[in-house]
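Undergrad: Per the numbering used here, residue -7 is the first one in the sequence shown, and the count goes up by one each step. Once you've had a glance at the structure underneath, I'll fire off some questions.
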Amino acid sequence: MSKYSKELEIAISAALEAGNEIMDVYTNTKDINYEKKSDNSPLTIADKRSHNKIMAFLEQTDINIISEESKSIEYNERKNWEEYWLVDPLDGTKEFIKKNGEFTVNIALIKNNKPHLGVVYCPTQNILYYNDNEKNVFKKTAESLDNINKRNSVNENDEGLRIVVSRSHMSDETAEYVNKLKDPDLISCGSSLKFLYIADNKADIYPRYGPTMEWDTAAAHSILNALDIHVINLETGRELSYNKENLLNPFFIIKA
């Protein structure tokens, strides 16, 4: 049994069960009610139910946890953590409220401020993506469990690149970037599915000139890193890092 295999198994079970909680609300509620958090982002009963389910699983591991829906943890308390879980119980709450199906459950294990394990589950499609300790990447559907292989890299000068953009957050900077490309093909979608479009060879580049939090990106970032695809901080030119004092991510870009 490889290192972290038990933790990965628990995280996968947590994501699947959380997805069931979310789908119960999604399919049985005509108009989804929500409240606004302090940053004006929406919070639904599905976020809460998913959070509670995930916490019940991950607490079995005796590893510290940061979840979007937990009380914030002071930097002095967490800054020296060597490993911890980083969770978004419902990534794409706006898409969930719109009922367009483009939302995910994100669970990452962060080790030395880098994503090490990632589990992303899209409950409307019943598709689970994850990577293990040996950098193998898997895609599980109702029909099969498949390895995702590394893909060829792209060049910004290539014609017809598939550029994935946010369903809800198209910015002026993104439009400016896209306008420099040769006949790009724009693909809109929500949540961490944008990362997975690149992992799954459905898109080539994801420029993100808009706010995201560490829990939005960590799980899918881990999956991309296992495929040798980098999530680059546009301020520094280096890989996005985690457990910063401020959990807001800088702008970033992903190129296959």
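All C-beta atoms, glycine included, are put in the ideal place defined by N, C-alpha and C.
Which residues mark the beginning and the end of the beta strand (DSSP E) in which Y201 is found?
TA: That residue, Y201, is in no beta strand (DSSP E); it is neither H nor E in DSSP.
Undergrad: Judging by CA-CA distance, which residue of N118, P81, Y(-4), Y26 is the nearest neighbour of T53?
TA: Here the closest residue by C-alpha is Y(-4).
Undergrad: Once the 5 residues before and after N56 are set aside, which same chain residues still bring their CB inside 6 Å of it?
TA: Closer than 6 Å at the Cβ level, and outside the excluded window around N56, lie W73, Y76.
Undergrad: If you measure between the beta carbons of E206 and Y234, is that distance less than 8 Å?
TA: Against a cut-off of 8 Å, the Cβ pair of Y234 and E206 comes out as a contact.
Undergrad: Helix or strand or just coil, what does DSSP make of N68?
TA: Three-state DSSP puts N68 in a helix.
Undergrad: Look up L82 in the DSSP assignment and say whether it is helix, strand or coil.
TA: Three-state DSSP puts L82 in a strand.
Undergrad: Looking at the secondary structure, which residues open and close the alpha helix (DSSP H) in which D177 lies?
TA: Run containing D177: none in the alpha helix (DSSP H); it sits in the beta strand (DSSP E), 177 to 181.
Undergrad: Along the chain, where does the beta strand (DSSP E) containing H108 start, and where does it finish?
TA: Looking at the DSSP string, the run of the beta strand (DSSP E) that includes H108 is 106 to 114.
Undergrad: Whose C-alpha, out of D83, N125, A7, A38, is nearest the C-alpha of A218?
TA: The shortest C-alpha separation from A218 is found at N125.
Undergrad: Taking the beta strand (DSSP E) that N225 belongs to, which residues open and close that run?
TA: Looking at the DSSP string, the run of the beta strand (DSSP E) that includes N225 is 223 to 225.
Undergrad: Three or more C-beta pairs under 8 Å: does that hold for the stretch 7 to 17 against the stretch 29 to 45?
TA: Cβ pair count under 8 Å is three or more, so yes.
Undergrad: Whole angstroms are fine: how far does the CA of K186 sit from the CA of S158?
TA: Cα to Cα, S158 sits roughly 8 Å from K186.
Undergrad: Once the 5 residues before and after L216 are set aside, which same chain residues still bring their CB inside 7 Å of it?
TA: For L216, where only same-chain residues beyond five positions count, the Cβ hits under 7 Å are F187, I190, A191, V223, I246.
Undergrad: Got a sec: is the Cβ-Cβ distance from Y169 to anything in chain C below 8 Å?
TA: You won't find chain C in this structure, because it holds only one protein chain.
Undergrad: Below 8 Å between beta carbons: does that hold for D177 and I155?
TA: Closer than 8 Å, so yes.
Undergrad: Where do the N-terminal and C-terminal ends of the alpha helix (DSSP H) with I170 fall, by residue?
TA: What sits at residue 170 in the sequence shown is Val, not Ile. Its alpha helix (DSSP H) spans residues 164 to 171.
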